[in-house]
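Student:
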Amino acid sequence: MNDLLGIGLLNGLRRHGISCPRDVLVTGFDGMRFSSIMAPSLTTVIQPLAGIAAEGIRLLSDPHNARTGITVALPGKLRLGESTGGPISSQ
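One point on numbering: in this note's numbering, the residue at position 20 of the sequence shown is 20, and numbering is uninterrupted.
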């Protein structure tokens, strides 16, 4: 769901003797910087925050957008961590 829940899950797994990534793979979503210093480091999807803000402003600036269903998809980045068996990348 997000990095904070992923980090909480990693801590709970450790307390119950469950190995990550041997027994369970964990991925978060947010791209919080401190997720890479966890043990194991958390694999996470980094959200394009500047792009989200720019699209939000663009959509809100046109009153027509409030009356129509608009979907905007912005690409995120996957930062591989040890929680899915991958090395932490330098992204």
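Note that beta-carbon positions come from the ideal geometry of N, C-alpha and C, so glycine has one too.
1) Would a C-beta distance cut-off of 8 Å place Val26 and Leu42 closer than the cut-off?
2) Please say whether Phe34 and Asn2 have beta carbons closer to each other than 8 Å?
3) Tell me where the beta strand (DSSP E) around Arg15 begins and ends.
4) Tell me where the beta strand (DSSP E) around Gly56 begins and ends.
5) On the criterion of 16 or more Cβ atoms from any shown chain inside 10 Å, does Leu10 qualify as buried, or is it exposed?
Tutor: In short, the structure shows the following:
1) Taking C-beta atoms as the reference points, Val26 and Leu42 count as a pair closer than 8 Å.
2) No, the pair does not count as a contact, with Cβ atoms beyond the cut-off.
3) That residue, Arg15, is in no beta strand (DSSP E); its alpha helix (DSSP H) goes 3 to 15.
4) For Gly56, there is no enclosing beta strand (DSSP E); the residue is part of the alpha helix (DSSP H) that begins and ends at 49 to 60.
5) When all chains shown are included, Leu10 counts as buried.
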